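The numbering used here applies: residue -10 is where the sequence shown begins, and numbers increase by one.
Take a look at the structure below.
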Amino acid sequence: MGNEVTAAELHAHDPAAMEELMDSIFPGVALRPLPMFRDFVLRTAVMPGVSSVGYSIDWAGQGELASPEQVLAFSLRGAGRLRHAGQELPVTGAVLFDDASPVNVQWDLLHADGFSVDRAYVRSVAAVLAGRDQPSHLFTAGTPVDDAHGRLWEDTARFVGTLMREHSSTLDSPILQRSLLHHLALTLLHSFPNIVLADLPTVPAPRGVPVAVRRATAFIDEHAHEPITVDDVARAVGLSTRGLQVAFRRHLDVTPRERLRQARLDGAHRDLVYADPHTTTVAAVARRWGFVHLGHFATAYRAAYGERPAQTLAR
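So, in structure tokens, the structure goes:
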């Protein structure tokens, strides 16, 4: 498939066609209509690491959700029942499935928007957040932390899903695709209870950090994969380059250049954890994140993560 985003839409009156398409999009997921199947509208978009699905179902059906390779998250509106690990889950709002336990689904009328996100990538993002490797299954509940986090996930899913389905022909940039995938993974980890959030220490934000400095660090994190400079960061937050340097030193005890370098190291680390060692090289990942000198990259990487980049890639 390369870097293309493939989008499709299906209006199915045939239960067999619906089953075949769902099986191809969600490995390990079995959804089977009951005899009173009536109609099914499915909109999909697929890119490396993530599948977006939006569908309206007018049918009585049941099925099981379980995928060893994917984290499944949906925003649901409709009528029916959802049962997972002995618990009843709502069929309205945000729900997530992150283990191999069967999820029994019975629907009558359903509208859903959701994602199938590569489990290995979510795990790699969690490992960076926690500073150590994480188990395959991260999430401890299938409903959001609270209503506000549920709305956050639903808004994110709606935005990214629309982008993938309606603008698939313009999303062939690996950088943009990686950004969308990373955004989805972070939003999942922020919105649904998981062992990473439970283990992270509660560290209060430094007192007195100016808004401009907080905006600058956010800008760096958001754009580290792009060829930005410290001058670009300063312009984005309305400071002079010198003013930004002084503010970072005073309030964060690092320079903007050091903060940008660390963000890029973190990005390279995520890519190496997630990459296929048969098709990816350390040099390619280093260049992607702006490290021209491979020896300097390897030295900085080992100092930050305690191993050589090649060791991370080989795991």
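Glycine included, C-beta positions come from ideal geometry on N, C-alpha and C.
A quick note: this is a predicted structure, and the numbers were derived from the prediction, not measured.
Review point. Apart from the five residues just before and just after L249, which ones in its own chain have a Cβ nearer than 6 angstroms to its Cβ?
Key: I209
Practice item. Output the distance between the C-alpha atoms of S157 and R32, rounded to the nearest integer angstrom. Key: 12 angstroms
Check your understanding: What do you reckon, are the CB atoms on A272 and L283 nearer than 9 angstroms?
Key -> yes
Practice item. Please report the residue range of the alpha helix (DSSP H) in which V262 lies. Key: P245 to Y263
**Study point:** Beta-bridge partners of Q59, as assigned by DSSP
**Key:** D107
Review point. Whose C-beta lies closer than 7 angstroms to the C-beta of E247 among residues of the same chain, with five residues either side of it excluded?
Key: none
Check your understanding: With respect to the alpha helix (DSSP H) encompassing A275, which residues constitute its N-terminal and C-terminal limits?
Key -> V271 to R277
Review point. If we count the other Cβ atoms within 10 Å of its Cβ and call it buried at 16 or more, is A137 buried or exposed?
Key: exposed
Exercise for review: Please classify G232: does DSSP put it in a helix, a strand, or coil?
Suggested key: helix
Point to revise | Outcome for F181 when other beta-carbon atoms lying within 10 angstroms are tallied against a minimum of 16 | key: buried
Review point. How many angstroms separate the CA atom of G103 from the CA atom of P266?
Key: 30 angstroms
Check your understanding: Nearest-angstrom Cα distance between F63 and S125?
Key -> 20 angstroms
Point to revise | C-beta contact flag for F128 and V219 at 9 angstroms | key: no
**Study point:** With 16 other Cβ atoms within 10 Å as the buried cut-off, status of T176
**Key:** buried
Point to revise | Rounded C-alpha distance that separates L23 from E9 | key: Unreliable placement is indicated for L23, whose pLDDT of 47 sits below 50; the coordinate value is still reported in the next sentence. The straight-line gap from Cα to Cα measures roughly 15 angstroms.
Point to revise | Residues that DSSP places opposite V84 in a beta bridge | key: F63
Exercise for review: Within the same chain, show all residues whose beta-carbon is closer than 7 angstroms to that of D225, passing over the 5 residues directly before and after it, in chain order.
Suggested key: Rather than Asp, the amino acid found at residue 225 in this sequence is Ala. For A225, where only same-chain residues beyond five positions count, the Cβ hits under 7 angstroms are F208.
Check your understanding: Near V243, what residues of its chain come up, given a Cβ to Cβ distance below 7 angstroms and the 5 sequence neighbours on each side ignored?
Key -> F237
Check your understanding: Does the Cβ-Cβ distance between S41 and V111 come in under 9 angstroms?
Key -> no
**Study point:** Coil, strand or helix - F208 by DSSP
**Key:** helix
Exercise for review: Express the C-alpha separation of Q251 and G279 in angstroms, rounding to a whole number.
Suggested key: 12 angstroms
Review point. Excluding five sequence neighbours on each side, which residues of the same chain lie with their C-beta closer than 8 angstroms to the C-beta of Q123?
Key: R112, A115, A116, I184 and V185
Practice item. Rank L118, G131, S105 and R66 by C-alpha distance to the C-alpha of V84 and give the top, closest one. Key: G131
Point to revise | Environment of V235 [buried if 16+ CB atoms lie within 10 Å] | key: exposed
Check your understanding: What is the DSSP secondary structure of L241, counted as helix, strand or coil?
Key -> helix
Check your understanding: Excluding the five sequence neighbours on either side, which residues of its own chain have a C-beta within less than 7 angstroms of the C-beta of H214, listed in chain order?
Key -> I164, R167, S168, G256 and W278
Practice item. Write down the C-beta distance between R154 and A34 rounded to the nearest angstrom, noting that I regard them as a contact closer than 8 angstroms. Key: 4 angstroms
Review point. Between the C-alpha atoms of R291 and H285, what's the straight-line distance to the nearest angstrom?
Key: 10 angstroms
Check your understanding: With 16 other CB atoms within 10 Å as the buried threshold, where does V281 fall?
Key -> exposed
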